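Have a look at the structure below before the remarks.
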Amino acid sequence: MRQDEQVSRYEVNRNVRMVITRHDADLTRIDYSFMGSTIYLNGDLVRPNRDFTAQEIENIAKELSALPHVRSIQFDLNNWLVDASGDSWQINRVKKTAGPRETAHQT
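Note that this note's numbering has the sequence shown beginning at 1149, numbered continuously upward.
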């Protein structure tokens, strides 16, 4: 990896952290990294005091996509399904399903 690529990777990761922090997201529940020209987000996008709305998730996505060196964002979230569709975003909350233990006790 060239030095300028390394610097921009660290810079973008720092900027991603700033965006996520600005929206009061719980940084212990989400992982992020920047490789090539893509930001990868994994885990749960949550905050301590209340749930995000789809509009707030879209605002985060737009802020992240506007960062220098970023061409795409790959979301792999447990609680949101986020998909880029041209210039717009398709954002849906993922419903928690009952696990095998929970369904076994239902009658």
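Where is the CB? At the ideal position from N, CA and C, for every residue including glycine. In this text the structure is predicted, and so the values were computed from the model without any measurement.
>> What does the alpha-carbon distance come out to for the pair Asp1235 and Ser1185?
In response: Counted from its first residue, the sequence shown places residue 1235 at position 87. Counted from its first residue, the sequence shown places residue 1185 at position 37. About 18 Å.
> Going by beta carbon distance, what residues of the same chain come within less than 6 Å of Ile1208, once the five residues before and after it are set aside?
Replying inline: Numbered from its first residue, the sequence shown carries residue 1208 at position 60. Cβ within range, chain order: His1171.
> Asn1207 by DSSP, collapsed to three states: which one?
Replying inline: By one-based count along the sequence shown, residue 1207 stands at place 59. If DSSP states are grouped into helix, strand and coil, Asn1207 belongs with the helices.
> Taking Cβ positions, are Asp1192 and Ile1178 nearer each other than 8 Å?
Replying inline: Position 44 of the sequence shown, counted from the first residue, corresponds to residue 1192. Position 30 of the sequence shown, counted from the first residue, corresponds to residue 1178. Yes, the pair counts as a contact, with Cβ atoms nearer than the cut-off.
> By Cβ distance, which residues of its chain are closer than 6 Å to Val1230, with the 5 residues on each side in sequence left out?
Replying inline: Locating residue 1230 in the sequence shown gives position 82, counting from the first residue. The answer, listed in chain order, is Phe1223, Ile1239.
> What does Val1167 pair with, by DSSP beta-bridge criteria?
Replying inline: Counted from its first residue, the sequence shown places residue 1167 at position 19. Answer by DSSP bridge pairing: none, since Val1167 is not bridged.
> Alpha carbon to alpha carbon, what distance is there between Asn1227 and Val1218?
Replying inline: Position 70 of the sequence shown holds residue 1218. Position 79 of the sequence shown holds residue 1227. Cα to Cα, the separation comes out at about 23 Å.
>> Let me confirm a value: Asn1197 is counted as buried when at least 16 other C-beta atoms fall within 10 Å, else exposed. Which label applies?
In response: Taking the first residue of the sequence shown as position 1, residue 1197 is located at position 49. So Asn1197 ends up on the exposed side.
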